[in-house]
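Position 309, counted from 1, in the sequence shown is what my numbering calls 309; the numbers after and before it change by one each time, with no gaps.
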Amino acid sequence: MSKTALITGITGQDGSYLADFLLRKGYRVVGLKRRTSSICTDRINNIYDNENLILKYYDLDDASSTWNIMLETQPDEIYNLAAQSHVRVSFDIPEYTLQTIVMGTMRLLNAYKTLVPDARFYQASSSEMFGDNPQVPQDESTALSPASPYACAKVCAHNLIRNYRVAYGLHASSGILFNHESPRRGETFVTRKITQAAARIKLGLQDKLYLGNLDAQRDWGFAGDYVEAMWLMLQQDKADDYIIATGETHSVREFLEEVFNHAGLSIDDHVETDPRLFRPHEVPVLLGSPEKAKKVLKWEPKIKFQQLAHMMYESDLEEQEKFKRSIQ
Ligand code: NAP
Ligand code: F7E
């Protein structure tokens, strides 16, 4: 009989790639989406008609529906990807960010522990938890030093996973994922903001791109590679925490240059900095050591920095060309 996977946040970047991956592996996938005022299932349009995909309404804030879904679905694997995932926005809506990430994870964990304790659980932890700790590269033993309400919430949820694993013998693992991007990345994260703007500037649809701190450095990988690591964690005999990263770091400026050079655009002509886009507390450098994942999970990132930047730009160019045709 095929296994059932429950995915919170299926309409997000990672949820959509993970659903593609698990459906290809023959899983029955129960995807949880929240009610929004306009349709938000663009990222899963390609699998919408798959008979092994079941979509249910859910909200991280809704304890009784969390309980009911766990009871009805009886999942073998639970992937908790839903979150208010924007670091900058978490400074504006800290209470909501903590409420959904901390209490949302707590609700899921309690339903899991009581109703399906033999299932396996994946938690979307984040490299943001290392915050302003200057030690690089960061590995599983690096001290956490969160620098935003988002990161503080993720640290708490991360600790809850470990606590439930030890206290109740649950197979609950956290993936400490460094930034991962794709053509499905949300449009307000810096990589996608750059590739989308470059495509629009190239086609004459936009003139200026406003950015914040260009000196921040990130370890950027490809989301399609990273969802395989999530699944691999749940296939191990023992639950554990793993860093998932490329082992390379680049500044925002380098990403900008890579995209603008590829597009044949001048940064001086089109890019300006806007102080409003700087963060109250910045994370200066993230660089992960994926050695444990390589050794134990036999996982390797496949897509490199340059290929990722070009892939995202080409995808945005195609999308913006379609848009331009539609308004002509
Ligand atoms: P994303 O694109 O922002 O997706 C987040 C998902 O959570 C969306 O499906 C969103 O629904 C859903 N969601 C938000 N608030 C919710 C609520 N109150 N109730 C139910 N669902 C809610 O994020 P992502 O990049 O795929 O990241 C997936 C997870 O990994 C997140 O937990 C993120 O914090 C974490 N993470 C991401 C990265 C990264 O670089 N991408 C790195 C480390 C960790 P809508 O579609 O309706 O908005
Ligand atoms: O910012 C700088 C900004 O918003 C990256 C989330 O998926 O990864 C993501 O969080 C850097 C920061 O991602 C702009 O100051 C400059 O230093 O793309 P970002 P993030 O904050 O690293 C982690 C691992 C997660 O867990 C999160 O869920 O880019 N930056 N100018 C800018 N950032 C944005 N968004 N917009 C700018 O204009």
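Even glycine gets a Cβ: it sits at the ideal position worked out from N, Cα and C.
Own chain partners of residue i with C-beta closer than 7 angstroms, once the 5 adjacent residues on each side are dropped
| i | result |
| --- | --- |
| residue 50 | 23 |
| residue 187 | 193 and 196 |
| residue 11 | 33, 40, 41, 43 and 44 |
| residue 21 | 227, 228 and 231 |
| residue 165 | 172 and 239 |
| residue 200 | 206 and 320 |
| residue 116 | 70, 74 and 75 |
| residue 105 | 80, 123, 157 and 160 |
| residue 265 | 198, 201 and 202 |
Residue(s) in a DSSP beta bridge with residue i
| i | result |
| --- | --- |
| residue 221 | 180 |
| residue 175 | 124 and 242 |
| residue 250 | 218 |
| residue 211 | 273 |
| residue 138 | 288 |
| residue 80 | 8 and 123 |
Among the options, nearest to residue i - alpha-carbon criterion
| i | options | result |
| --- | --- | --- |
| residue 316 | 63, 197, 93 and 2 | 197 |
| residue 297 | 243, 327, 303 and 273 | 243 |
| residue 4 | 27, 134 and 156 | 27 |
| residue 236 | 159, 40 and 295 | 295 |
| residue 209 | 131, 260, 254 and 180 | 260 |
| residue 178 | 52, 263 and 288 | 288 |
| residue 113 | 138, 78, 136 and 133 | 78 |
| residue 376 | 301, 99 and 37 | No answer is possible for residue 376: the residues shown for the chain start at 1 and end at 328. |
| residue 299 | 267, 245 and 19 | 245 |
| residue 204 | 324, 303 and 128 | 324 |
| residue 219 | 136, 146, 37 and 107 | 136 |
| residue 31 | 37, 25, 38 and 48 | 48 |
| residue 88 | 96, 148, 132 and 38 | 148 |
| residue 1 | 268, 52 and 93 | 52 |
| residue 46 | 19, 67, 269 and 37 | 19 |
| residue 8 | 68, 82, 37 and 36 | 82 |
| residue 182 | 225, 328, 37 and 134 | 225 |
| residue 170 | 95, 121, 133 and 67 | 121 |
Own chain partners of residue i with C-beta closer than 6 angstroms, once the 5 adjacent residues on each side are dropped
| i | result |
| --- | --- |
| residue 34 | 59 |
| residue 76 | 3, 4 and 119 |
| residue 91 | 280 |
| residue 126 | 154 |
| residue 311 | none |
| residue 217 | 249, 251 and 285 |
| residue 54 | 30 |
| residue 221 | 180, 246 and 301 |
Cβ-based neighbour list, residue i, same chain, cut-off 8 angstroms, excluding 5 preceding and 5 following
| i | result |
| --- | --- |
| residue 184 | 13, 16, 17, 43 and 223 |
| residue 340 | Past the edges of the chain, shown from 1 to 328, lies residue 340, and the structure says nothing about it. |
| residue 211 | 190, 193, 194, 252, 256, 271, 272, 273, 274 and 277 |
| residue 214 | 251, 252, 253, 256 and 273 |
| residue 292 | 139, 140, 242 and 243 |
| residue 65 | 57, 58 and 59 |
| residue 86 | 150, 186, 188 and 189 |
| residue 309 | 191, 195, 255, 258, 259 and 262 |
### Message
Give the list of continuous alpha helix (DSSP H) stretches no shorter than 4 residues that lie fully inside the segment 264–299.
### Response
267–270
### Message
As an exercise, report each continuous alpha helix (DSSP H) stretch of at least 4 residues that is fully enclosed by the segment 31–78, in chain order.
### Response
63–73
### Message
Ignoring anything shorter than 3 residues, give me the beta strand (DSSP E) runs that lie fully in the segment 5–33, in order along the chain.
### Response
28–33
### Task
Decide if the segment 151–170 is in contact with the segment 299–317; the criterion is three or more beta carbon pairs, one per stretch, under 8 angstroms apart.
no
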